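Each residue of the sequence shown is one higher than the one before, starting from 135 at the first, in this note's numbering.
Report on the structure given below.
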Amino acid sequence: MPDPALLSRFQFAFTISYHIIFPTITIGLSLYLALMEGLWLKTRRQVYLQQARFWQKPFAITFGMGVVSGVVLSYEFGTNFSRFSEIVGPVLSPLLTYEVLTAFFLEAGFLGIMLFGWKKVSPRVHFMATCVVCVGTMISAFWILAANSWMHTPAGYEIVDGVFHPTDWWAVIFNPSFPYRLTHMLLASFLSASLLFAGVNAIYLLRKQHTEFAKSGFSISMWAILVLAPLQILAGDMHGLNVHEHQPVKVAAMEAVWETEQGAGFRLFALPNQKEAKNDFEIVIPKAASLILTHDINGEIAGLDQVAPENRPPVAVVFFSFRIMLALGGLMLLLGVLGFWARRKGRLFDHRLLLNFSRLMIPAGVIATLAGWYVVEVGRQPWLVQGLVRTMDVTSPLPASQVMSTLILFVAVYSLLFGVYLYFMRKLIRQGPPDVTGAAQDEDLPTTLNPAH
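So, in structure tokens, the structure goes:
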């Protein structure tokens, strides 16, 4: 039977990987909903109202899945990592509480108006509710990422009797890696939603269904991808410089650098051998890693030999996850450029290569986000709080059979739920956009709610 601590880590990795899919989509979709509704209020073009009404249902389903899967994570802290709250609770618990008080309650309070208030409040009040939900999703990301970033670059604390206590909340929240991680994650969410938006509208264009609806959505999403993809690459570069400064071992794992190098090459492909501390095979672009990570062609990249073997992360997982993220980021940039070229040629809506490419890229944003989080979290191991608390030191003393049974249960239930989620998403896409001819008229509102009165 495997080590129960390892099983607990694997269970948490599985459940949080499942969970992160849904916030990634909802953060981006909420911004699109606010944008579409705002464009409708400004232009009164029904196609924008159609976009807003159509994407609300996928948003609601995804939001619900995120809430349900997120609740489980808080219980796992207590059941599988019982010493976690005891050691770092005074620092992290208030941050997670603020997330509930300032974000979740905000979203929950206005979500009902956004979903069910079309005929009950004025268009401007409804737009305000949509904007509040959008802001709420971003506030939620703010607090969660502040807590997570502190575990990577702890600041503003003191340790008393083995327990972390905050001494400077500003330093705790705005720790050295937080601004970069927040920016990178928000852009990842916006890109993921843009790819979903583009892909679904591309499907309609390929099938010659809902043409006007699809043209408006596809055009907006292709502009978004063209702008967001380069911004994400820039944010990733800045985040990489920050990681190189504060977590050099993670960078060494990302690049499979076993010995400290100056002018280190970028390994396009390698087969890391953790036991022998070497790469069995590699394809290298000379000096490229130093140029990317230090902006100096002869810059020094610290190797994994700087730390003891027991303090090294699983190199293969970090190495390949990083390259999956980079490859998908490159494809997103290529999609944006291809879309711009097709627009210039007047073929944005009938270029079959572009439309099929967009359709295939629907899951790319979420996959890249997952790969990025594997780089972040696996690359931090074996530490829970970087350099201070080991993950193995906070795991609960549970029997391996018990952890294995809950892991199997989670895999089975979550797989079923994800299948149901995909079924309803597919069903909504096949149904197409709603008819909003009547809904677009202010006269449909009660007299007291009609802006014309």
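Note that the Cβ used here is the ideal one computed from N, Cα and C, for glycine as well.
Only a predicted model underlies this, so the values are computations on that prediction, with no experimental measurement involved.
Item	Value
Sheet register partners of Ala404 (DSSP bridge)	Glu416
Alpha carbon of Leu226 to alpha carbon of Lys253, nearest angstrom	42 Å
Through-space distance from Pro313 to Ala386, alpha-carbon basis	22 Å
Alpha-carbon to alpha-carbon, Pro406 and Ser469	Here residue 469 is Leu; the residue named in the question, Ser, does not match the sequence. Spanning the two alpha carbons is a distance of roughly 31 Å.
Enclosing beta strand (DSSP E) for Val519 [first to last residue]	517 to 519
Inter-residue Cα distance where the pair is Ala502 and Ser353	23 Å
Under the three-state DSSP convention, the category Arg524 falls into	strand
Where Pro580 falls: helix, strand or coil (DSSP)	Only weak support is given to the placement of Pro580: the predicted model assigns it a pLDDT of 43, under 50, and the question is left unresolved by the model.
Straight-line gap, Gly370 to Pro382 (C-alpha atoms, nearest Å)	16 Å
N-terminal and C-terminal residue of the alpha helix (DSSP H) that Phe298 is part of	Run containing Phe298: none in the alpha helix (DSSP H); it sits in the beta strand (DSSP E), 297 to 300.
Residue interval of the beta strand (DSSP E) (run including Glu511)	First-last for Glu511: 498 to 512, but that is the alpha helix (DSSP H), not the beta strand (DSSP E).
Beta-carbon proximity check, Val510 vs Gln180, cutoff 8 Å	no
Sub-8 Å separation of Thr160 and Thr271 beta-carbons	yes
DSSP bridge partner residues for Ile150 (one or two, in chain order)	BP columns for Ile150 are empty, so no partner.
Inter-residue spacing [alpha-carbon to alpha-carbon] between Asp302 and Leu316	20 Å
Within 8 Å, strictly: CB atoms of Ile273 and Ala263	no
Closest Cα partner of Pro568 within the set Lys191, Val500, Gly473	Lys191
6 Å CB neighbourhood of Val267 in its chain, flanking five on each side removed	Ser164, Glu241, Phe244, Leu245, Met248
Residues of its chain near Val418, where Cβ-Cβ distance is below 6 Å and the 5 sequence neighbours each way are ignored	Gly399, Arg401
Per DSSP, the bridge partner or partners of Ile435	Glu395
Where the beta strand (DSSP E) containing Val570 begins and where it ends	No beta strand (DSSP E) holds Val570; DSSP gives it neither H nor E.
Which listed residue (Val234, Phe276, Ala327) has its alpha carbon closest to that of Ile496	Ala327
Paired residues, beta bridge with Glu292 - DSSP	His299
Proximity to Asn413 [Cα-Cα], best of Glu393, Leu425, Arg524, Ala423	Glu393
Backbone CA spacing between His587 and Pro257 [nearest angstrom]	With a pLDDT of only 37 at His587, under the threshold of 50, the placement of this residue in the model should not be trusted; the figure read from the coordinates follows. C-alpha separation (whole angstroms): 13 Å.
Unbroken alpha helix (DSSP H) run spanning Met459, endpoints	449 to 478
Three-state secondary structure (DSSP) of Arg143	helix
Completely contained beta strand (DSSP E) runs for the region 278 to 361, where each covers 3 or more residues	291 to 294, 297 to 300
Alpha-carbon spacing of Ala436 relative to Phe324, whole angstroms	33 Å
Straight-line Cα distance separating Pro531 from Trp304	35 Å
Proximity below 8 Å, CB of Leu167 to CB of Trp189	yes
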